[in-house]
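Scroll down for the structure; my scribbles are underneath it.
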DNA sequence: ATAATCCCTATCATAATTGTAGAGTATACA
DNA sequence: TGTATACTCTACAATTATGATAGGGATTAT
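Structural data, given as structure tokens:
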């Protein structure tokens with residue numbers, strides 16, 4: 236598994252939205268500023284996260300983004316797989332792979348599977364409620380709004 | 236961690252050499268044919284493995300490659316790190332990383348570390364003697380030689 | 001109306017990956 | 001001593017992934 240900048244940005248943004256879950260939508264520019272992410276890049280990432288059902292948006296003035304589900308219902312694993320693709324270290328251990336003639340006897344495949352399962356277990360049991368609670372990021376007070 | 240074709244080829248080639256440890260050198264063309272690897276690509280990989288101290292070579296007629304150490308002394312992890320680079324899923328958990336302002340409080344960093352340790356432990360405890368014993372690949376008989 | 005916001009597509013620079021190509025050097029052996 | 005068969009080394013090329021940047025268009029609170 237490799238976490239790209241895109242994945243890293245997505246996770247940090249979702250964490251921000253999780254910490255502020257239940258409040259007003261947060262704008263892209265605000266999210267970008269707080270996590271030091273290029274704004275136009277984050278724009279694309281958020282559109283993708285929206286398609287993936289992780290966030291929803293409000294348009295127009297005072298628009299922005301919010302989580303589309305309770306933080307406890309979003310696991311780290313879901314997001315990573317959606318943004319950065321399969322977590323398996325090599326294609327031969329991914330579902331539906333047909334490209335190898337020795338899938339049975341290969342001594343490496345068992346090891347790649349073991350790594351995949353271990354990784355999957357770690358990122359599968361962590362959700363964004365856990366992360367938000369552990370995070371030191373303060374919940375925003377919206378002192379500039381309304 | 237991502238295993239590239241280069242890494243995959245390196246591992247398969249070292250396994251062949253481990254299975255045939257103690258025998259005559261095996262030529263690049265023979266190794267390439269047996270593992271279905273593009274010969275000129277494998278040529279480069281073997282030069283790299285040689286620089287890394289994993290294999291040594293014999294030039295000239297009846298030349299080829301052999302392991303430079305006993306298979307039990309070569310771990311999967313060493314080879315993967317040498318050929319495909321760091322196993323950590325993201326740069327911030329690699330040794331000497333300075334690029335993040337929140338290395339202490341980051342809730343993701345702990346997870347990346349956990350995954351790294353788990354992966355490292357799996358690939359660190361497997362060596363090429365184990366792999367050769369478990370492999371179904373027959374030791375070559377050298378019926379064409381001498 | 002208008003300002004602030006999200007929506008959408010195109011484009012681009014850089015690096016990594018996965019090779020190919022070709023000329024050179026060393027060695028065994030007839 | 002010539003030659004076939006190896007390894008050595010460097011350059012380069014095609015493709016894809018990554019990490020952005022750019023510029024309109026659509027929507028909404030006020």
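Protein chains in written order, with the numbering used here: chain A, 236 to 381; chain B, 236 to 381. The beta carbon of each residue, even a glycine, is placed where N, CA and C say it ideally should be.
**Study point:** Chain-ordered chain B contacts of residue 243 (chain A) [CB-CB under 9 Å]
**Key:** 325, 327, 343
Review point. How far does the alpha helix (DSSP H) with residue 262 (chain A) in it reach, from first residue to last?
Key: Premise fails: residue 262 (chain A) is in no alpha helix (DSSP H) and is neither H nor E.
Check your understanding: From residue 384 (chain A) to residue 287 (chain B), what does the alpha carbon distance come to, in whole angstroms?
Key -> One cannot answer for residue 384 (chain A) here, as it falls past the ends of chain A, which runs 236 to 381.
Point to revise | Under 9 Å by beta carbon: chain B residues contacting residue 370 (chain A) | key: 340, 341, 342
Exercise for review: Establish whether the CB of residue 354 (chain A) and some CB of chain B are separated by less than 9 Å.
Suggested key: yes
Exercise for review: State buried or exposed for residue 247 (chain B), treating a residue as buried only when at least 16 other CB atoms are found within 10 Å of its CB.
Suggested key: buried
**Study point:** Under 8 Å by beta carbon: chain B residues contacting residue 237 (chain A)
**Key:** 236, 237, 324, 325
Review point. Would residue 357 (chain A) pass as a contact of residue 325 (chain B) if the rule is Cβ separation under 9 Å?
Key: no
Review point. Quick one: is residue 268 (chain A) buried, meaning 16 or more other Cβ sit within 10 Å of its Cβ, or exposed?
Key: exposed
Review point. Under the three-state reduction of DSSP, which class applies to residue 332 (chain B): helix, strand or coil?
Key: coil
Review point. Are there 16 or more other CB atoms within 10 angstroms of the CB of residue 295 (chain B), so buried, or fewer, so exposed?
Key: exposed
Check your understanding: What are the start and end residues of the beta strand (DSSP E) that includes residue 291 (chain B)?
Key -> 290-293
Check your understanding: Run through DSSP, which three-state label would residue 300 (chain B) get?
Key -> strand
Check your understanding: If the cut is a Cβ gap below 8 Å, which residues of chain A does residue 346 (chain B) touch?
Key -> 311, 357, 358, 361
Exercise for review: From the DSSP output, in three-state form, read off residue 239 (chain A) for me.
Suggested key: coil
Exercise for review: For residue 355 (chain B), I'd like the list of residues in its chain whose CB is within less than 7 Å of its CB, leaving aside the five on either flank, ordered along the chain.
Suggested key: 312, 322
Practice item. With distances taken Cα to Cα, identify the nearest neighbour of residue 282 (chain A) among A:253, A:244, A:297. Key: A:244
Check your understanding: For residue 290 (chain B) versus residue 249 (chain B), is the C-beta spacing smaller than 9 Å?
Key -> yes
Point to revise | Meets three-Cβ-pair contact criterion under 8 Å: the segment 259-278 of chain A and the segment 366-374 of chain B | key: no
**Study point:** Minimum Cβ-Cβ distance from residue 350 (chain A) to chain B less than 9 Å
**Key:** yes
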